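Read the structure below first, then the notes.
Protein chains: 4
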Amino acid sequence: MDAMMMDAMSKDMMSMPGMASMDMATMQECMDACAAAEQATTICATQMMDCAPTCMNCADMCHTTMRSMLRMQGMTADSMMAMLDACIAMCQACMDACAPHTDSDVCRMCMQACQACMDACMAMKDKMTAAA
Amino acid sequence: MDAMMMDAMSKDMMSMPGMASMDMATMQECMDACAAAEQATTICATQMMDCAPTCMNCADMCHTTMRSMLRMQGMTADSMMAMLDACIAMCQACMDACAPHTDSDVCRMCMQACQACMDACMAMKDKMTAAA
Amino acid sequence: MDAMMMDAMSKDMMSMPGMASMDMATMQECMDACAAAEQATTICATQMMDCAPTCMNCADMCHTTMRSMLRMQGMTADSMMAMLDACIAMCQACMDACAPHTDSDVCRMCMQACQACMDACMAMKDKMTAAA
Amino acid sequence: MDAMMMDAMSKDMMSMPGMASMDMATMQECMDACAAAEQATTICATQMMDCAPTCMNCADMCHTTMRSMLRMQGMTADSMMAMLDACIAMCQACMDACAPHTDSDVCRMCMQACQACMDACMAMKDKMTAAA
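Chains as they are written, first to last, in this note's numbering: chain U, 3 to 134; chain D, 3 to 134; chain B, 3 to 134; chain C, 3 to 134.
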């Protein structure tokens, strides 16, 4: 996500109750991690292994979480926290489903992307709690 | 959602740990309510009112929740609960955002669909808790 | 899709250049067929057969086509025609990918839903051509 | 999209009829351009201007096109061409809808991202035609 996009979003955040102090770098990292996890899980789901349905569910949840951050004007602290929790839970489920397939390069890539996405969602939660 | 689809899904559920006792009628109602809420919120988001970003976030979350039920093989009890909670939180945020616009037919329709979706998600949670 | 939603959409269509004469019943049938095809293809993609990637691509395209009709204010005749063509092409690809699996109830259901969606998209194209 | 993902996808393409000669760099650029356009159009759609419904339709189409390239196993040359045409048509519609708003930084960003996405989709079509 480039600097021009983040500037446009940052301006909107300033006018939102309780969001002016949101750490934009943390949010940018979280959106990028969600986008990367959606791509990795989508590729993993094409490998016809038993993790595929979990990977696709994870892809959809990561995508929805990323979009909700692109549209922060439409979020509240409560709904953002709930969405981050759901994204974290799906990333965990996806890592658990891929764990038996560590001999697959694609499953290992998928697990790494899900771990990174989960970490980034947790960082968002920490920053939001600190800002509240 | 027609009977043939539900039959196909029901067969898969039978082989899932802890899901054999899932109430398929409750899940079908929840998927239908999610699909209806996605459509109502998407229409509402075209009305250029300040609820639009919330409505679009709600549309994406309802859609992701519906898909996760279509792919129950890829869900765990924990991730399903977290996704239902996120869907409930977004429906609540959407109803709150539309509440100032009760003079708009479209916002009233959107609020009704979100309330129905929230109720159906809560019914799912109740059945899952009872089955656990 | 219920009558209240269609009324709300119909009012918007009236104010769009070249869309006042759009047949709302045909569009409603097309949206319903797209939604049904998305659900059938998503279920089919969980069956771990070689049609799964095609089914998921078809699910996403049917969903995007349905949403574009929910947001007709954001479509032009050209972009709608191109999207209907892409949806028809993906439904055809999905039917071709499922065709070797006629012993599977789920693949047969998926093929029927894709055929119905393709027919409904073609009916939309016919009405749009007649209205132009 | 990182190198590990592209490697995983490249291996799959090798085994697909008529795709072994697909230019992976062109496809990678197209996926990145689609992802960037989805993000820019989603942000633009939050600005409550009359381009919003077109921007959201464009966001969904760019996303679906990106996913279809992540799942090339599920595409045929015909369905890929039709999806690229639909993506090009939606990007054009989006640029046209944003064109009256050149005083808005966000609309200018959105138009640039849509132009880049359209160019990348056309490059994909050229490479596919050359490889056929």
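C-beta: ideal position from N, C-alpha, C; glycine also. Owing to the predicted nature of the structure, the values given are computational and were not obtained by experimental measurement.
- Taking a cut-off of 8 angstroms for Cβ pairs, the region 85-96 of chain C and the region 98-112 of chain B do not touch, as fewer than three such pairs fall below it.
- For B/Gln-117, not one C-beta of chain C is nearer than 8 angstroms to its own C-beta.
- Chain-ordered listing is empty here: chain U has no CB closer than 8 angstroms to the CB of B/Met-111, the nearest sitting near 17 angstroms.
- Cβ proximity to chain D below 7 angstroms picks out Gln-41, Ala-42, Thr-44, Ile-45 and Thr-48 from the region 39-58 of chain B.
- Cβ-Cβ distances below 6 angstroms link D/Ala-37 to Met-68 in the same chain, with the five nearest sequence neighbours on each side left out; the list follows chain order.
- Under the three-state reduction of DSSP, U/Asp-52 is assigned to coil, being neither helix nor strand.
- Between the region 56-64 of chain U and the region 22-36 of chain C, the count of C-beta pairs closer than 8 angstroms stays below three; the two stretches do not touch.
- U/Met-26: member of the alpha helix (DSSP H) spanning 26-46, first to last residue.
- Taking the beta carbon of D/Ser-81 as reference, the chain U residues within 8 angstroms of it are Asn-59, Ala-88, Ala-91, Met-92, Gln-94 and Ala-95, listed in sequence order.
- For B/Arg-110, the enclosing alpha helix (DSSP H) starts and ends at 107-133.
- Pairing B/Cys-32 with U/Pro-102, the inter-Cα distance amounts to about 42 angstroms.
- Residues are counted here when their Cβ sits less than 9 angstroms from a Cβ of chain U; for the region 59-79 of chain C these are Ala-61, His-65, Met-68, Arg-69, Leu-72, Arg-73, Met-74, Gln-75 and Gly-76, given in chain order.
- Residues of chain C with a Cβ closer than 7 angstroms to the Cβ of U/Met-6 are, in chain order, Met-111.
- Listed along chain C, no residue sits closer than 8 angstroms to U/Asp-121 by beta-carbon distance, the nearest being about 17 angstroms off.
- Between C/Met-29 and C/Met-71, the C-beta gap is smaller than 8 angstroms, which places the two residues in contact.
- DSSP places U/Asp-4 in the coil class of the three-state scheme, outside both helix and strand.
- By the CB criterion at 8 angstroms, B/Thr-56 and C/Gly-76 fall inside the cutoff.
- For C/Met-33, the nearest beta carbon of chain B is not closer than 8 angstroms to its own beta carbon.
- DSSP places B/Gln-75 outside any alpha helix (DSSP H), giving it a letter other than H or E.
- The alpha carbon of U/Asp-34 has as its nearest neighbour, out of U/Lys-127, U/Cys-123, U/Ala-91 and U/Lys-129, the alpha carbon of U/Cys-123.
- With a cutoff of 8 angstroms on beta-carbon distance, B/Met-11 and B/Met-50 are scored as not near each other.
- Chain-ordered, the chain B residues with CB closer than 7 angstroms to the CB of C/Ala-84 read Asp-87, Ala-88 and Ala-91.
- Its chain contains Ala-47 as the residues whose beta carbon lies nearer than 6 angstroms to that of U/Met-58, once the 5 sequence neighbours on both sides are disregarded; these appear in chain order.
- Listed by position along chain D, the residues whose Cβ is nearer than 9 angstroms to that of B/Met-15 form an empty set, because the closest Cβ is around 11 angstroms away.
- For C/Thr-131, the number of other beta carbons within 10 angstroms of its own is below 16, and it is reported as exposed.
- Against chain C, the CB of U/Met-26 has no partner CB under 8 angstroms away; the residue lies outside that interface.
- Within chain C, the residues whose beta carbon sits less than 7 angstroms from that of U/Ala-37 are Ala-37, listed in sequence order.
- The three-state secondary structure of B/Thr-67, taken from DSSP, is helix.
- Taking 8 angstroms as the upper bound for CB-CB distance, C/Ser-81 and B/Ala-99 are not in contact here, some 10 angstroms apart.
- Of D/Gln-117, D/Gln-41, D/Ala-118 and D/Ala-134, the smallest CA-CA separation from D/Thr-78 is found for D/Ala-134.
- In this structure, the alpha-carbon of U/Ala-115 lies about 7 angstroms from that of U/Ala-42.
- Interface annotation, C/Met-11: in contact with chain U, CB-CB separation under 8 angstroms.
- Chain-order list of chain D residues neighbouring B/Asp-107: Met-6, Asp-9 and Ala-10, by C-beta distance under 8 angstroms.
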